[in-house]
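The numbering of the sequence shown is this note's numbering, which starts it at 112 and goes up by one.
Since the structure comes first, as structure tokens, the remarks are kept for the end.
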Amino acid sequence: MLAPCRVYNELTMNKQIQILYFFIITCILSCSNENKQLTANINMYSNTWDEVLNNGKLDLINDEHFDTNVTLLMSPENIVGIENVKDFYANYLNGFSDIEFSIVDIFGQGDKMVKHWHFKGKHTGEFFGIPATGKSVDIDGVTLIGMKNDKIALEQDFMDNMDFMQQLGILSNPDNVVVINTLYNAFAAGDIPSVLKLLDANVVWNEAEGNIYAKGNPYLGPDAVLNVVFTPIGKDYDYFNLENIELHEMYENQVLASLRYKGKLKKNGAHIDAQVAHLWTLKNNKIIGFQQYVDTKQLADANKK
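So this is what it looks like as structure tokens:
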């Protein structure tokens, strides 16, 4: 006959095992349900934004897919409510054509999700009051997402807004001035190879109309600039200096330089001291365009002496 204590211990142990089994099964079922819900949320979310942005179905921003108080976290003021969110994204659909929106990756836990997205489009319409620029944009970003009762309740986007504005041509790349300053320093040191390296392979170069070096305008590519502008200047002048250079950052990735040419012609010893402006256009830290403005009468008169 089993001792009472032993019987009690065995019963207690069996009870504990049953509780443990119940706990494990509950956790498995709970995790399974959570995973199913997360999968459903991801599918609904992904399909909704695919239809809205790629197919222009703005009316899918409704109370079937979005919480009544859906909120876009923004600075300086959040956007709250389905109609306001719809108005916000209407700017993208009206402002861009050839839209390609894709979710690169999306994952989450519970009611919280994170997506990595990619957006491409051409700015052909008004975008938050900005007139069409005709520029194409190609931008990546990340969004933090909050779900509530199987609906989209919260979004917060993170993206490089400066890069976005630069691609639109609204802001210029701050490195542009550095590139042009580097070019003038290389020119001053007589380092023409370094100057040419800063020119895009398809650079379009225009000397001022009336300048003796402008006969073949526009010159295309670094070799043409070297052969028709830089080399002749080296042959024609005892010295040719760029002085009093001031750089001014412009919009659409342009830099305006105001300066003076000071030089001495070899053939007659005539001196020049001319007021000049250079307009540089850049893309991806390379010079794609140049336009010279100069007192061409002074240059012509010096060549006649």
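Where a beta carbon is used, it is the ideal one built from N, C-alpha and C, also for glycine.
{"query": "On the premise that PRO329 lies in contact with VAL315, defined as a C-beta separation below 8 Å, what is that separation, rounded to the nearest angstrom?", "result": "5 Å"}
{"query": "Apart from the five residues on each side of it in sequence, which residues of its chain come closer than 6 Å, Cβ to Cβ, to GLY167?", "result": "LEU204"}
{"query": "Between which residues of its own chain and LYS373 is the CB-CB distance below 6 Å, once the five residues before and five after are set aside?", "result": "ASN352, GLU354, ASP384"}
{"query": "In chain order, what residues of the same chain lie with their CB nearer than 6 Å to the CB of LEU310, ignoring the 5 residues before and after it?", "result": "PRO333, ILE398"}
{"query": "May I ask you to report which of helix, strand or coil DSSP gives LYS326?", "result": "coil"}
{"query": "State the beta-bridge partners of MET270 as determined by DSSP.", "result": "GLY252"}
{"query": "Candidates GLU360, LEU282, PHE218, THR293: which alpha carbon is nearest LYS308's?", "result": "THR293"}
{"query": "Let's see if you can read the secondary structure: which residues bound the alpha helix (DSSP H) around GLU194?", "result": "193-206"}
{"query": "Mapping the DSSP letters down to three states, classify LEU183 as helix, strand or coil.", "result": "strand"}
{"query": "Under the three-state reduction of DSSP, which class applies to THR392: helix, strand or coil?", "result": "strand"}
{"query": "Quick one: using the 10 Å Cβ neighbour count with 16 as the cut-off for buried, is LEU410 buried or exposed?", "result": "buried"}
{"query": "Do you know how far the Cα of PHE177 is from the Cα of VAL288?", "result": "46 Å"}
{"query": "With distance defined between alpha-carbon atoms, name the residue in TYR362, ALA368, ASP161, THR182 nearest to GLU266.", "result": "THR182"}
{"query": "Quick one: residues in its chain with C-beta nearer than 8 Å to the C-beta of PHE269, no 5 flanking neighbours on either side, listed in chain order?", "result": "GLY252, VAL253, THR254, LEU255"}
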